[in-house]
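Novice: Got a structure for you, written out below as C-alpha cells; questions coming shortly.
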Amino acid sequence: MATWFDTISKSFADVPIDAANDNAISTAEFLEAAEALVTLFDVLGSAAFTPVKNDLLGNIKKVRDRLLAAPAESQTLQDLVLNELKAGKKTASGGLLWLCRGLDFTAQALRHNLDNPSVELSASFREAYGGTLKPHHSWDFYKKLGNGDETKVATPMEKEVAALEKVVGILKTFQARKDVQVE
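Here UniProt numbering is used: the first residue of the sequence shown is 1, the next is one more, and so on.
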C-alpha cells in the first residue's frame with residue numbers, strides 16, 4: 001500500500017539548488033514541493049492545523065502570483081525577491097518570508113518527532129511552535145502517513161525533513177541579507 005510520500009508530486013529532496021549560483025532555488029519546483037508538503041496536514045486530519053495550512057497556501061499563492069506575473073525575473077526564489085524589491089514591491093517577498101517561517105515550523109516539528117520517536121507528534125508541534133498551537137487531537141502520525149506500516153515511513157521522512165531543513169536554511173540565510181529585508 002502506498003505511503004504519503006508515494007502520493008506527493010514533488011519532494012523537497014527533488015528541488016534543485018544551484019550551489020554554484022549562491023544556492024539558488026528553483027521557484028516553480030520549490031512551490032510544487034511546498035504545495036505537496038501542505039497535504040501532510042490533510043493526512044493528520046486535525047482541524048487544529050487548518051490555520052497553518054491556510055497560511056502556507058496563502059503565502060504559496062503570493063509567491064506563485066509573482067512567478068506568473070514576472071516569470072523571467074522569478075526563476076529562482078532569490079531572483080524573485082531581489083527583482084520584486086527592486087520594483088518597490090514586497091508582496092511575494094513577504095509571502096516567502098512567512099512561507100519560510102511556516103516551513104521551518106513544520107520541519108522543526110517533524111525533526112523533533114524523528115529524533116524523539118517516543119514523543120507524540122502533538123508535543124513535537126507544540127515544541128516547534130513554542131506552545132502557541134494547542135493540538136486538539138493526539139495523532140498516530142506514522143501510521144497515518146504509511147497507511148498502517150510505520151516501517152515504510154522513517155527513511156522517506158528523514159530524507160524529506162533533511163531536504164526541507166536545507167532549503168529553509170538557505171532561505172533564512174538569504175532573507176537575513178540587508179538587501180532583501182521586507183520587515
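Ideal placement from N, C-alpha and C gives every residue a C-beta, glycine not left out.
Since the model is a prediction, treat every value here as computed from it, not as a measurement.
Under a CB-based cut-off of 9 Å, is A34 close to chain C?
Specialist: The structure shown has no chain C; it contains just one protein chain.
Novice: Check S118 in the structure and name its three-state DSSP category.
Specialist: Looking up residue 118 in the sequence shown gives position 118. Note: S118 maps to coil in three-state DSSP.
Novice: Taking the Cβ atom as the reference point for each residue, do I8 and L77 lie within a distance shorter than 9 Å?
Specialist: Working through the sequence shown from its first residue, we reach residue 8 at position 8. Working through the sequence shown from its first residue, we reach residue 77 at position 77. No, these two residues do not count as a Cβ contact at 9 Å.
Novice: Whose CA, out of E35, L82, V52 and L85, lies closest to the CA of R64?
Specialist: Taking the first residue of the sequence shown as position 1, residue 64 is located at position 64. Nearest C-alpha to R64: E35.
Novice: So, at 8 Å on beta carbons, what are the nonlocal neighbours of L96 in its own chain, with the 5 sequence-adjacent residues on each side left out?
Specialist: Within the sequence shown, the letter at position 96 stands for residue 96. Cβ within range, chain order: N59, K62, V63, L77, L80, V81, L171 and Q175.
Novice: Is the CB-CB distance between V168 and S93 below 9 Å?
Specialist: As a working mapping, residue 168 is identified with position 168 in the sequence shown. As a working mapping, residue 93 is identified with position 93 in the sequence shown. No, they are not a contact pair.
Novice: In the DSSP assignment, the alpha helix (DSSP H) including K53 goes from what residue to what residue?
Specialist: Counted from its first residue, the sequence shown places residue 53 at position 53. It spans T50 to A69 - the alpha helix (DSSP H) in which K53 sits, taken as one unbroken run.
Novice: Please classify A87: does DSSP put it in a helix, a strand, or coil?
Specialist: Counting from one through the sequence shown, the residue named residue 87 turns up at place 87. In this structure, A87 counts as coil in the three-state DSSP scheme.
Novice: Pick out whichever of S122, A87, P156 and G102 has its Cα sitting closest to the Cα of A13.
Specialist: For the purposes of this step, residue 13 is identified with residue 13 of the sequence shown, where counting begins at 1. Taking only the C-alpha atoms, the option nearest A13 is P156.
Novice: Distance check for S118 and L31, CA to CA, integer angstroms please.
Specialist: For this step, residue 31 is matched to residue 31 along the sequence shown. For this step, residue 118 is matched to residue 118 along the sequence shown. When rounded, the distance between both Cα atoms is 32 Å.
Novice: Would you list the one or two residues that DSSP bridges to S26?
Specialist: Stepping through the sequence shown from its first residue, residue 26 is reached at position 26. Per DSSP, T76.
Novice: By the 10 Å Cβ neighbour count, where 16 or more other Cβ atoms means buried, how is L68 classified, buried or exposed?
Specialist: For the purposes of this step, residue 68 is taken as residue 68 along the sequence shown, with counting starting at 1. By the 10 Å Cβ count, L68 comes out exposed.
Novice: Can you tell me whether G88 is buried or exposed, with buried defined as 16 or more other CB within 10 angstroms of its CB?
Specialist: Your numbering for residue 88 matches position 88 in the sequence shown. Exposed.
Novice: For L56, which residues in the same chain have their Cβ closer than 6 Å to its Cβ, ignoring the five residues on either side in sequence?
Specialist: Within the sequence shown, residue 56 is the residue found at index 56, counting from 1. Excluding residues within five positions, the ones whose Cβ falls inside 6 Å are V38 and G102.
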